[in-house]
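>
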Amino acid sequence: MVASSSATYLERTGTLHGPCCCGCQENSEKSSSIVHTQAVINKNSPLQACDNLECMKCRRRVLSWSHAILSQLDIGHRVQFPCIMTAKHACDMSIVILLRNRGFGNSCSQIRNKVDEQHHEAWLRQNAHYLTDCEGFIDASQSGLLVNVLIADPPERAPLPRHRWFMNIYIQDVFQRLDEIKASITSVSGRILKMDSTKKVVKKLAGRPAKTALWCTNVGNEHGQILNSVMTTSEGHGLTKMLVRIVKRYKNADIPPPEILYLDRDCCGASPLQDVLKPSDWKHTVVRLDIWHYMRRIATGCSTDFQALYSTFVGLMSNCIFIWYEEDFQRLLQSKKNELAKQGIHYLSDEDVVKTLSRYELALHCRRKTRGIPETTRLFRELIQSFSGEKGRDTLGVPLINSSRMKSIWEAQERHIACIQDPPGISLYTRTGSTKKGGIDLPNFRCARGSTSLESFHLHLNRFIPGSLASDVLFQAYLLDGLHRWNKDRERTATAATSDHPSYSGLLQHKTNTLALKVLKKKIIPSYTEPRKYTGEKIGIEYLYKQTGERMEDFVKAIETLETVPDEADDESIILEEAVDSFQDADQIDDLTISTVGLKESSDAVLDISSLPQVPVHPLPSSSTKPAVEATLLPIPTPEEYEGRLNGGMKLVTARQQR
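First residue of the sequence shown: 845, per my numbering; consecutive thereafter.
1) Can you find the residues in the same chain that come closer than 8 Å, C-beta to C-beta, to Leu-1359, ignoring five residues on each side of it along the sequence?
2) Going by C-alpha to C-alpha distance, which of Ile-1253, Phe-1010, Ile-1385 and Gly-1282 sits closest to Leu-832?
3) Can the beta-carbon of Gly-1294 be found closer than 7 Å to that of Asp-1134?
4) With DSSP run on the structure shown, which of helix, strand or coil describes Lys-1095?
5) Got a sec, what are the start and stop residues for the beta strand (DSSP E) Asp-836 sits in?
6) Just verifying my parser: in three-state terms, what is the DSSP assignment at Ala-1338?
7) Please report how far the alpha carbon of Ile-1228 lies from the alpha carbon of Val-1198, in whole angstroms.
8) Return the CA-CA distance between Ile-1104 and Ala-1292, expressed in angstroms with no decimal places.
9) For the candidate residues Ser-1179, Gln-1391 and His-1354, whose alpha-carbon lies nearest to that of Asp-918?
10) Give the single residue among Ile-1438, Asp-1172 and Tyr-1094 whose Cα lies nearest to the Cα of Glu-1381.
11) Determine the extent of the beta strand (DSSP E) in which Asp-1285 is found, giving its start and end residues.
12) Per DSSP, Gly-1167 is paired with what?
13) For the alpha helix (DSSP H) that Gly-1277 lies in, which residues bound it at each end?
14) For Gly-1506, which of helix, strand or coil comes out of DSSP?
15) Report all residues from its chain with a CB closer than 8 Å to the CB of Leu-1324; omit the five preceding and five following residues, and keep chain order.
16) Measuring alpha carbon to alpha carbon, tell me which residue in Asp-1435, Val-1045, Ser-1031 and Ala-1114 is nearest Gly-1080.
17) Please state the DSSP three-state secondary structure of Leu-1153.
18) Going along the chain, which residues of its own chain have a beta-carbon closer than 8 Å to the beta-carbon of Leu-1352, five neighbours each way excluded?
19) With Ala-1506 as the anchor, note down where its beta strand (DSSP E) starts and where it stops.
20) Can you tell me whether Met-1086 is helix, strand or coil according to DSSP?
21) For the candidate residues Ala-1207, Phe-1157 and Cys-1263, whose alpha-carbon lies nearest to that of Ser-1230?
22) In this structure, does DSSP put Arg-1141 in helix, strand or coil?
23) Just list the alpha helix (DSSP H) runs in the region 1310-1335, keeping only unbroken ones of 4 residues or longer that don't cross its boundaries, in chain order.
24) Do you know how far the Cα of His-933 is from the Cα of Ala-984?
25) Would Ile-928 and Gln-1016 be called neighbours here (beta carbons separated by less than 7 Å)?
26) Determine the closest residue to His-1209 out of Leu-990, Ser-1179, Met-1139 and Ala-1057, with distance taken between C-alpha atoms.
27) For the alpha helix (DSSP H) that contains Leu-1298, what are its first and last residues?
28) Helix, strand or coil: how does DSSP classify Asp-936 here?
29) Helix, strand or coil for Cys-952 per DSSP?
30) Work out the CA separation of Val-1120 and Phe-1303 for me, nearest whole Å.
31) Using a Cβ-Cβ cut-off of 7 Å (strictly less than) and excluding sequence neighbours within five positions of Cys-1263, which residues of its own chain qualify?
32) Count the other C-beta atoms from every protein chain shown that fall within 10 angstroms of the C-beta of Tyr-1204, then say buried if there are 16 or more, exposed otherwise.
33) Curious, which full-length beta strand (DSSP E) runs of at least 3 residues does the region 976-1052 contain?
34) When burial is assigned at 16 or more other CB atoms within 10 Å of the CB, is Asn-1012 buried or exposed?
35) When you compare only the Cα positions, how much space is there between Leu-990 and Thr-976?
36) Please classify Lys-1055 as buried or exposed, where buried requires at least 16 neighbouring CB atoms within 10 angstroms.
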């Protein structure tokens, strides 16, 4: 075949296939008496005709375009059937691709409204075309050229299925790609890992697993990708099997163990985590405590977080732990000076310029390092002492620090200062590019320290599962597809060059490259990396059922149910309530450990807490001080006066009743 005829060939393609019955594995023959016709939900809603296949042995009938039949084909022939079947309708793959991108502003209801608008405009255009042609016959009839002209009414617009039908289509699409999605998730690894848990998403579980899952634990890498996400009944011992399988994943793939593992608990001492790491190849992996979780532990010693000095106290805790790299800080400072000078703003001192720096600029262009155990311990003690007693009171006299509580907390958390220090010799920053500001090229850095990337993932995790409640099978489908797309997006942002092939179908890309190597002797998508084989790890609800002893519903049976269930049926297992779309989408959250409070013109300057502006202290009046205005007490009536007042009130009530 010459290259010039390839476009002509792609216009008309056909295939001949003799499928096997899914029940008895015998060849099926085409039923000559039944032809199944369905409307395909697309931009123009064309009709589609497909045969009913009948097994010669068990006489079972299936649609020729069903998943059980198409799964017997290779990828090259399977893509020639570009729709997903249900009982009465079919959905074109162009609509299915729109449904895959889960998130705010892209719910099934929103997609249905957009398709409905397209169908209505297409129907109006067809009516306008039809009535325009009929107008000529009416004019001819009025002029006497034609007689007895009868114009039929245009057909009514076919109603569009409800949003639940679109959800069925999306779930069926995920189930058909399940093996590919699981293989992609279990192929992720990393040099720096972090593990954190959340409770928000488990509240959306309905049916059997409702109120059995208490935590959703996620393991991520330095790029923000998720190695695994599981629903568990408890932390600690409940995560042992997940960690064992991740360690085995690294070993089977010949990947070096991670250098650092950030946790929110069990950072030192005896724990189920240490029992897994010590006997394995990860025995040299450094375990560190997430710094934001450590700061929150210290902050619990405050009397309330509504106190005026609370934000200042938390910001100074960050300065007690970190110090900016002097080279990066001075480069950003000079760039800010030049930028302000171009705007006609001239500051006399560097301290004034420092006040104009934002947290985003500091996090993007400057690196940080921990101060060390002795200096961090000293600064924390000075910070707590400076805000204790009368110095920590606000204008209402409310103290910031609860002295007895803070004392016990500091005694317990002082030993964890070593757990928040940066390990020597391990790089925590990756340069992702540069930005020119004020005539100076500023490098852009991405920090891998702590579990900030997981906090960003937790914000998006709720968006993977639409609505407020979902059954176990559908919850699992939403979660797996969301993890797959999240990891692919983070993989693209991890590289400096943007990808020209934003496809999430790894199986289709792999098959295309394989065929291109055989036919063209080159890859069409050279940047694509093949995923490894699925490791068999339990993900999501499967891990929860492994703990509780229950079994997950077979996904093959779920696909058959979705293909045969009537479109009008109110299947509450799909979803119980559709979420209201919001168009605020925060891809990343701010690093809460970065603060501009107490920032000096030099990054290596030791924090001077006494130089900070203090809230004026208003001492409370003592018991010996006589108040300016004396309150007058009401006189207490005698028993005789009280009885007289009571009798008078009764007489007044009786008089009103007589009126």
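For every residue, glycine included, the Cβ atom is placed at its ideal position computed from N, Cα and C.
The structure presented is a predicted model; accordingly, all values stated were derived computationally and were not measured.
Result, derived from the coordinates:
1) Gly-920
2) With the chain covering only 845 through 1503, there is no way to say anything about residue 832.
3) yes
4) helix
5) Residue 836 lies beyond the stretch modelled for the chain, which goes from 845 to 1503, so this question has no answer here.
6) helix
7) Near 25 Å, if we compare the C-alpha coordinates of Val-1198 and Ile-1228.
8) 10 Å
9) His-1354
10) Tyr-1094
11) 1284-1291
12) Just to set this straight, residue 1167 is Ile in the shown sequence, not Gly. The partner list for Ile-1167 (beta bridge, DSSP) reads Lys-1213.
13) Note, Gly-1277: premise wrong, no alpha helix (DSSP H); beta strand (DSSP E) at 1273-1281.
14) Past the boundaries of the shown model lies residue 1506; the chain is included only from 845 to 1503, so the question cannot be answered.
15) Hits under 8 Å: Val-1018, Leu-1022, Ile-1025, Lys-1026, Ile-1029, Ile-1383 and Gly-1384.
16) Answer by Cα proximity: Ala-1114.
17) coil
18) Ile-919 and Val-923
19) Lying before the first or after the last residue shown, residue 1506 is absent from the chain, which here runs from 845 to 1503.
20) Helix, per DSSP.
21) Phe-1157
22) helix
23) As far as the region 1310-1335 is concerned, it has no whole alpha helix (DSSP H) run of at least 4 residues.
24) Computed Cα separation, rounded: 42 Å.
25) In this structure, Gln-1016 lies closer than 7 Å to Ile-928 by Cβ.
26) Ser-1179
27) 1296-1308
28) It is a strand residue.
29) helix
30) Correcting the residue identity first, residue 1303 is Leu in this sequence and not Phe. If I take the Cα positions, the gap works out to 29 Å.
31) Cys-1111, Cys-1112, Arg-1132 and Leu-1133
32) exposed
33) 1036-1042
34) buried
35) 17 Å
36) exposed
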